[in-house]
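Chains as they are written, first to last, in this note's numbering: chain A, 131 to 573; chain R, 131 to 573; chain W, 152 to 656; chain C, 152 to 656.
Just so it is clear, CB atoms sit at the ideal spot from N, CA and C, and this is done for glycine as well.
Everything on this sheet refers to the single structure shown next.
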Amino acid sequence: MLEVIGTDSVDDLFAHLPAEVRLDRPLNLPDGLTEEEVRRYFLSVARKNHGQDELISFLGGGVYDAIVPAAIDPLVSRSEFLTAYTPYQPEVSQGTLQAIYEWQSYICRLTGLEVSNASMYDGATALSEAISVALASRRKKAVVLPETLNPRYRRVVCTSMKGEGITIIDAPVGADGTIDPQGLAAVITDEVGCVVIQNPNYLGLVEQVDAVGQVVKDSGAVLVAAVNPVSLSVLKTPAEYGAELAVGEAQPFGIKPSWGGPLLGFLACTDAHKRRIPGRVVGRTLDNRGQNGYVLTLQTREQHIRREKATSNICSNQGVNALRATVYLAMLGTEGLVELGESNLTRITALKETVRGIQGAALPFDGPVFNETVVRLDKSAQGFCTYARRHGMLAGIPLEGFAGCGGGDLLVAVTEKRTGAEIARFGELLKNYLESPTEEVTS
Amino acid sequence: MLEVIGTDSVDDLFAHLPAEVRLDRPLNLPDGLTEEEVRRYFLSVARKNHGQDELISFLGGGVYDAIVPAAIDPLVSRSEFLTAYTPYQPEVSQGTLQAIYEWQSYICRLTGLEVSNASMYDGATALSEAISVALASRRKKAVVLPETLNPRYRRVVCTSMKGEGITIIDAPVGADGTIDPQGLAAVITDEVGCVVIQNPNYLGLVEQVDAVGQVVKDSGAVLVAAVNPVSLSVLKTPAEYGAELAVGEAQPFGIKPSWGGPLLGFLACTDAHKRRIPGRVVGRTLDNRGQNGYVLTLQTREQHIRREKATSNICSNQGVNALRATVYLAMLGTEGLVELGESNLTRITALKETVRGIQGAALPFDGPVFNETVVRLDKSAQGFCTYARRHGMLAGIPLEGFAGCGGGDLLVAVTEKRTGAEIARFGELLKNYLESPTEEVTS
Amino acid sequence: MSNESCPATEVQAQRWNATLPASIFDKGAPGRRGLTFPRWDGQPVEAQLPKELCRAEGADLPSLSEPEVMRHFTQLSTLNHHIERGMYPLGSCTMKYNPRVNEQVVALSGLADLHPEQGPEDIQGLLEALDLLERSLCELTGFAACSLIPAAGAHGEYLGMLVIRAYHQSRGDEDRTEILIPDSAHGTNPASVVIAGLKPRTIKSRKDGRIDLDALRAAVSDKTAGIMITNPNTLGLFENDIQEVSRIIHEAGGRLYMDGANMNAIMGKTRPGDMGFDVVHLNIHKTLSTPHGGGGPGGGPICVAEDLEQFLPGPRIARQDDGTYTLEKVPGPDSTSIHSYFGNVGICLRALAYILRNGGNGLTRVSECAVLNANYLLAQLRDIMPVPFDTGCLHEFVASGSRWKEEFGVRTLDIGKRLLDHGLHAPTIYFPLIVDEAFMVEPTETEPKESLDCFVATMKSIYQEAQTNPELLTEAPHVTPVGRLDEAGAARNPDLRYLGPCNCG
Amino acid sequence: MSNESCPATEVQAQRWNATLPASIFDKGAPGRRGLTFPRWDGQPVEAQLPKELCRAEGADLPSLSEPEVMRHFTQLSTLNHHIERGMYPLGSCTMKYNPRVNEQVVALSGLADLHPEQGPEDIQGLLEALDLLERSLCELTGFAACSLIPAAGAHGEYLGMLVIRAYHQSRGDEDRTEILIPDSAHGTNPASVVIAGLKPRTIKSRKDGRIDLDALRAAVSDKTAGIMITNPNTLGLFENDIQEVSRIIHEAGGRLYMDGANMNAIMGKTRPGDMGFDVVHLNIHKTLSTPHGGGGPGGGPICVAEDLEQFLPGPRIARQDDGTYTLEKVPGPDSTSIHSYFGNVGICLRALAYILRNGGNGLTRVSECAVLNANYLLAQLRDIMPVPFDTGCLHEFVASGSRWKEEFGVRTLDIGKRLLDHGLHAPTIYFPLIVDEAFMVEPTETEPKESLDCFVATMKSIYQEAQTNPELLTEAPHVTPVGRLDEAGAARNPDLRYLGPCNCG
Ligand SMILES: Cc1ncc(COP(=O)(O)O)c(C=O)c1O
Ligand SMILES: Cc1ncc(COP(=O)(O)O)c(C=O)c1O
């Protein structure tokens, strides 16, 4: 090959790099390993961890210990899907393109909205992008966030709003843990172009969506809904309560948590916003033989065409995970989705029942929940987590400092995977913890 | 659908079954589980086992703890390979057919022989079928088996020979643990149509193949070689020492042991035997468009054509595993295969060195070995296995009662996977075991 | 508008078009490697074998990188029809869809990584599962004991014959060596009889495709070791006189063996044990779902009546009072040893996963749907392709192409090949031997109605073609990766291993 | 004889022919299910939501069985080109083969099943691995600190810009808001600058395709926050004056950001830190191997100079003296939070597997081979397709189809489409914008010589076609599953979700 190139050595090909910036030593990295040694390294690393396969998990807060059907891996690991690039040449990418189109269609049917993009990095980035779209559409510079918004989403939104010079206003939350519609109306000033609702909110509570929707509608701002897509099995769709954009984290649709990534943000909107949303969008069209086919479309929104005028900078997205979620939803169908929702509802109800019977534990909010609830302990919630963990359980997320929560507040989530025995065990551990003198349980 | 059929209920379709044999109750099996529950059941079952992923294994005897390259699973689990039937319609089965043809070609290059079939259930059944082929070719009714033949193979061969009315004669083994060529010559009577050699033999020893081959050749009998195919990386090929058939267990070529099944028997032969061998064989031919293509061939040997006159009854074989082995060999190439052989040799040599330095342990045979050796302890070999197991190690296979071996004899195997630390640990445990008073180590 | 679609229905057929890759032996280049092995990290050692024990030259294998290997086999795979592509109506083969969870669970660490020399202390979970499978198969078949060891259906037949032989021998009945076999039987049946040291004797079928009782009565004698019957038989018909058959054989001193390859028709409906059989094998890779992998591996467990349990090969799984499991050696000579270890354990586990997933009711529904689907197809194909033994279709039926041959000059083979052009797989053809131009269709329960309708519509359009343009059939397939292959040439001049690009064309 | 083969070489190209399946929304039938959920096995409970909180109607999703789902997506998959099918010479995309062991290790229990709210006590192994990756990336790039959080290249750019902004703000330099960007930059660069609240300012390239120092000197001011440079740049050329650029920017008070998307050219040869950069992002899904999955997920870690570490988002992984790892919150406001958790951890682990597998020397060899392959292609294609900036090709080159346009009336688009007919993928076209009819080829190091030769031979034959039969190109592709698509129509009348079979045709 060197002969064809007309050079003597591979080194010559780098000879034009300025000598001063050349690295004059080998990289200080260990020698390469064989495949078997790499496997051994990762096995040893994995064995030092303790994940949800090993522990009984009641962790949630946006990412859940959900069932991953066996059909997903063999499909997604097909090299045709896994090793294809972004479908820039549609004629040899119809598989990826039709799959994305079907993903978009699923998201539309779940949210009731008319347009979906191909995916976002995660729920948090999806939310900040949606707010930007909303504000741009109203040419406004302030957004209202509920106090009960997922704090991890709030942080990412803050970063982004700061960059864009946007003011953030807090929507007040009532004693029942949900947005107070009157209070909300009061904070929607003229500057406000967008109001965010999270449903269920970070405390697990289902919001009074109609009332909130009405207030926002009356104000002329855009309502952006951040939703747990699993809850859309039973809960009102964002479209039904007037949201113009809906976002969320679709990890529970067949994606392993992997310590939080890769996840799967989604973003849907009404038709009116379609030329402003970020990310790739697939459309159906015809080919020159008169057949149906799919293409990346509305690309004039995107950075590779519009550069600094683009609505977003997102390029690579979460393609594989969108495919996983599409296969997941295909496995469920209408009835499966309802069954999934009811499974969650049943289990969180059972968990609440269990907690209700335990001295020293309470349910501070009594509104409806979907798969997650706050449990208030007479003792430290963090202490309970430590105690439960020693007994092979991940008990939940301590809420101290969040939206007025105290040191005894714990966010506990279930999924369709939790069994009766596991929930009973939760109650048992909680009882033991609350009954024991503090020294005993934390030592 | 019932309407089209012209019947009222599915039950009607079974109405013609005699009432007396109808099952008049539901099957007494539990209700069906969901996929997740099935997964949970098998996880609980798997957790009650302790396999070679968890324990350091020196078990061998035909099945080995070998490296399985990551490329195999994604290829073999492609539904195109995994869910295809036997290639009865060659026009839509060229993938399976070409892969089998390539497997046959690999086996021929490994063994030096001219023909291979598509696979056998395991090494033992491959050996009995090979003996039948050999005897049929000589129209003789006696076979000579070495004393050092894998006892599990011998049992299967005995069953089969009994059915066919064949006499089994033992070939004497010398003090060095290998076949005594003179002694062999003496037992090859006129009745004998076939002599079996196992190389390396069950004691791990490499046979004096040339001498044995010469004796058999002079006798006019057919030499059948049972070989560890991994050893063909470095050892003489069956063809080189005059074997007309070669068989063996190809599990170490990319197949997990799964408590002994599914495994992968192979069977190869000289051209002269090709119309007598059992099982499917793929040949290359032309299609009516003048292109190369592959078909199942020489089918007149097989049961679905010849019925009671067939050379064997085998129908379903070990297709997926033959594909695994083919991919495995493709990953290695000539150099990789040599490296594999040398890896085994190095490690068994190191293990022998380690044992040599330990008081109370000896190597009773000093001939060359490939990946397996007998270690003779002053104490119970079974006791050592129990002791080592308690320390997370599978130490080997006790040989008591086999070919003159005593209670202190242990068959110890290595593979390319064993590390220096693991072999040192073997020595350490052995030393501790031998040094401790008996009560201590077995309690 | 719609893209290429299945004739007469809206289900879309996939077109074929792929190219055979060059031989792997012509790929790669010296120095390339897909896999390297860990360097030895212990004390340096001198490891060398005497030269006279070593092969003269390294095996001449091609040297490929991992991407080259992936591409080669990926391309090969695209040349196959497979169940996740479309219908596979191969009669007698029960090509059902195999749930993916089966593959997932057998790959678990703690199952796949067990060495066969590991004893009960390390494999309590496995033994629990295998014991559960044995008991489930006994309930499914109506028997007392089960051996999971046979590695395929034919292997099960062999073991069954060994068991029946051992039974007679244990009674000193050395001369009972004849096994009666209907002429519709699968080829493995007579072959298995022979290699077990017994003698097959063929019984002609009656005009309705079932066993001829008179012929049977005439055939039994004090040489009769037993009979081997497939029920439902290979015509897809239930042997209605099975109780009478049982009486005749048992009275003659023989035992009844059932080839259970067609169990998919009758689960939960009737059981071999209740019909009077003494031994049955199940093709668990068919009835109880294992992907066929282009030929195997399969599993052929046998279940036996109580008095035959003693002849099953060891070790036998036994549950102790404390709930633990042991492996027990069997007493006496190992006259029924047929496998190095315990057979195709991984396939057995898949069968167990399938049984657990479906449960008793689910398995019954499987058979009901399989029979429903077959009858639905039969009802619509009968007109264009008659079924000679049309007397009670269960999970499959055998039509005859003889009218097509006479009237249009096309053979069943041609019909099958033409189906390939439509993206479908051909049914089993020319089996069983007693039907002229046999065309044996088994849809299985996992095909949705849309697939069945597509098959019917395609058959009808091929029927038109046969009348108007028979060459479309006789020269089919046209759009497959290769055309009809010269099978006679392949057998005449066998080219069985790669020596270089074929220069025959 | 040989089957369909790559023109002029013996490497065989695969033909396309597959059919789009019907929409999944038109498949299935009520009552079918692919997945059911475990029944509740605890105390019965009454679980009901107030009606006004519930959706009026269930989501209208199609109901398919598992086999139907498998067939649908399997069929879809056959419509894709992919790296395990053949070469993917997309410039700027580094479509290398991704070792399968990466996929295997990230799926391990103990990694894939970690919940992001689990703390250091449960994830010591993971933290050890991520820490090792951070340190490895620092060595590879010549920097002091690393954040693994960005979920893609563009996300890394965004974080890098936030860091540079935070740096200036921390010094009270609120007015430094201008980021200079060469006109050859990738579109994400200016977009990232904007969303980070900074202002992009374009710098024209010199005639040799590199940064124009004079233009640069003219552009810097006390508004300059920094510069964003891709090196090697999007023309595949090394910015030889990089040290001078660094001097100019630093003297003006700005910081240098490098888009490291093209690191595959220079690993072990030169490092951004040594060139004078202050921040770099790596597209680990390109350079360090993650399969692209039809669009993602990727990973875009950034490495930064020591004084910028304080602006990286938390939590930060810290190794304690006892060898354990902790997660440390960062002080101050979270002005650089960009992800819910810790980014695409699974992709980071793949990058680590790749680094460990290759080692330092291996990574250097990767770059050498990538550059060798690109130069080999260039040497053979230069004659038929000139490279406007032919001044030192590294891992890719940008040819121009302008001569083809003028002489034969075919556009680069047409050449790309014609390549599809030959079973190859097209290079990146019309990027970078500063080359007319850009045709940007990046073979990567994992393509064997045979692939490169096949690409050259195919290009030469297309060159012939362009002269003799240009319609072959302008109407290409001809044998792909679909033909050229009406992209303008798609954008004009967007059909973005399934409402029924399209009746537009
Ligand atoms: C009726 C019948 N019996 C026996 C067999 C043999 O089973 P196996 O292929 O598993 O050996 C088959 C398989 O095709 C069959 O159809
Ligand atoms: C030069 C360059 N910079 C940045 C990016 C953006 O990377 P990502 O797609 O990971 O966001 C790309 C990707 O195409 C690129 O080629």
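Query: Excluding five sequence neighbours on each side, which residues of the same chain lie with their C-beta closer than 6 Å to the C-beta of W:H576?; Result: H232, Y239
Query: Assuming contact is defined by CB atoms lying nearer than 8 Å, are R:N247 and R:L459 in contact in what I supplied?; Result: no
Query: Does the Cβ of A:S573 have 16 or more other Cβ atoms within 10 Å, making it buried, or fewer, making it exposed?; Result: Any answer about A:S573 is weak, because its pLDDT of 47 lies below 50 and its placement is not dependable; what the coordinates show is given next. When all chains shown are included, A:S573 counts as exposed.
Query: Alpha carbons only, please: which of A:P302, A:T308, A:L333, A:N331 is nearest the one belonging to A:V317?; Result: A:P302
Query: Along chain A, in chain order, which residues have C-beta atoms closer than 7 Å to that of C:L407?; Result: Under the 7 Å cutoff, chain A gives no residues; its nearest Cβ is about 13 Å from C:L407.
Query: How many Å lie between C:I468 and A:L493 at the Cα?; Result: 36 Å
Query: For the segment 320–339 of chain R and the segment 267–277 of chain R, state whether three or more C-beta atom pairs, one from each stretch, are separated by less than 8 Å.; Result: yes
Query: Do you know offhand how far C:P250's Cα is from C:S440's?; Result: 8 Å
Query: Under the three-state reduction of DSSP, which class applies to W:T579: helix, strand or coil?; Result: strand
Query: Could you tell me if C:G691 is buried or exposed, where buried requires 16 or more neighbouring beta carbons within 10 angstroms of its beta carbon?; Result: Only positions 152 to 656 of chain C appear in this structure, which leaves residue 691 of chain C out of reach.
Query: Looking at ligand 3, does it come within less than 7 Å of C:C244, judged from the CB to the closest heavy atom?; Result: Questions concerning ligand 3 fall outside what the structure shown contains, since the ligands it does hold are ligand 1 and ligand 2.
Query: Would you check whether ligand 1 has a heavy atom nearer than 7 Å to the C-beta of W:H337?; Result: yes
Query: Excluding the five sequence neighbours on either side, which residues of its own chain have a C-beta within less than 6 Å of the C-beta of A:T441, listed in chain order?; Result: R406, P408, R431
Query: Using three-state DSSP, classify R:T137 as helix, strand or coil.; Result: coil
Query: Between W:C454 and W:L288, which are expected to be in contact by the criterion C-beta below 8 Å, what is the C-beta distance as a whole number of angstroms?; Result: 6 Å
Query: Can you find a CB in chain A that lies within less than 8 Å of the CB of W:T597?; Result: no
Query: Go ahead and pull the three-state DSSP assignment for C:L650.; Result: coil
Query: Check the Cβ of A:I435 against every Cβ in chain C and list those closer than 9 Å, keeping chain order.; Result: G338
Query: Does any CB atom of chain W fall closer than 8 Å to the CB of C:P250?; Result: yes
Query: Could you check whether W:L514 and W:M418 sit closer than 8 Å to each other, using their CB atoms as the reference points?; Result: yes
Query: I want to know whether the segment 329–339 of chain R touches the segment 499–507 of chain R - three or more CB-CB distances under 8 Å.; Result: yes
Query: Taking any Cβ of chain C, which residues in the segment 202–215 of chain A have a Cβ under 9 Å from it, in chain order?; Result: D203, P204, L205, V206, S207, R208, S209, E210, F211, L212, T213, A214, Y215
Query: Could you pull out every unbroken alpha helix (DSSP H) segment of at least 4 residues lying fully inside the segment 143–226 of chain A, listed in chain order?; Result: 165–177, 202–206, 209–212
Query: Using only the alpha-carbon positions, how far apart do C:G574 and C:I498 sit?; Result: 29 Å
Query: Taking the beta carbon of W:K568 as the centre, do at least 16 other beta carbons fall within 10 Å, making it buried, or is it exposed?; Result: buried
Query: Measuring only from the beta carbon, is W:D410 closer than 7 Å to any heavy atom that is part of ligand 1?; Result: yes
Query: Once you ignore the five residues that flank W:G270 on each side, which residues in its own chain have a CB closer than 8 Å to its CB?; Result: L478
Query: Below 8 Å, how does it come out for the segment 181–201 of chain C and the segment 155–170 of chain A: are there three or more Cβ pairs, yes or no?; Result: no
Query: With a threshold of 8 Å between beta carbons, is W:M221 in contact with chain A?; Result: yes
Query: Establish whether the CB of R:K547 and some CB of chain A are separated by less than 8 Å.; Result: yes
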